[in-house]
Structures are given as C-alpha cells and as structure tokens.
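Residue numbers (the numbering used here): 521 to 602. All C-beta atoms in this analysis are idealised placements derived from N, C-alpha and C, irrespective of residue type, glycine included. Quantities reported herein were computed from a predicted structural model and do not represent experimental measurements. Written out below as structure tokens is the structure these notes cover.
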C-alpha cells in the first residue's frame, strides 16, 4: 500500500480531517433525528483549515492552521451539545 511522504504536522492535519469526517457523520445523524441545532459553519471552517496543511510545505503555517482547526472543532462540539 502506498502512503505519501507526509511530515508529522501534515499527519496531524490528516488525523484532524478523519476526526472531522467522523464528527460530521455523527452531527448529520443527530441533526436528522432533531437532537441538535445546526452549527455546521464552524465545522466547515475547521474542516477546511484542517485540510490545508496537507498541501502547504511550510511547517509554521501548518502548525497555525492545525491549531485553528482544533479551535473551530472544539467550538463546534461545544455548540453541538448545548
């Protein structure tokens, strides 16, 4: 199996994307059953920020994008369960 040569920061971005997709599935199930309000704009921003480090070679920019993605994901999760 072929794995691209990512550095550690890009792997963090990839893991964030996988976690984000899992949260998106959970959110859609909860939204369809009427158990939650919709805060998907925060989630979408976090998803975009989490995916950007996969295409950026600068480590400093990637670290900042990963931190921002984490902040948006946490804000989304907090709003999801309020």
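Count the other CB atoms within 10 Å of the CB of residue i; is the residue buried (16 or more) or exposed (fewer)?
i: residue 658; result: No information on residue 658 is available, as it lies outside the stretch 521 to 602 that the chain covers here.
i: residue 567; result: buried
Is the beta carbon of residue i less than 7 Å from the beta carbon of residue j?
i: residue 536; j: residue 595; result: no
i: residue 586; j: residue 549; result: no
Kindly give me the distance between the Cβ atoms of residue i and residue j, rounded to whole angstroms, as I take these residues to be in contact under 8 Å.
i: residue 582; j: residue 539; result: Rounded, the Cβ-Cβ distance is 17 Å, inconsistent with contact.
i: residue 565; j: residue 592; result: 5 Å
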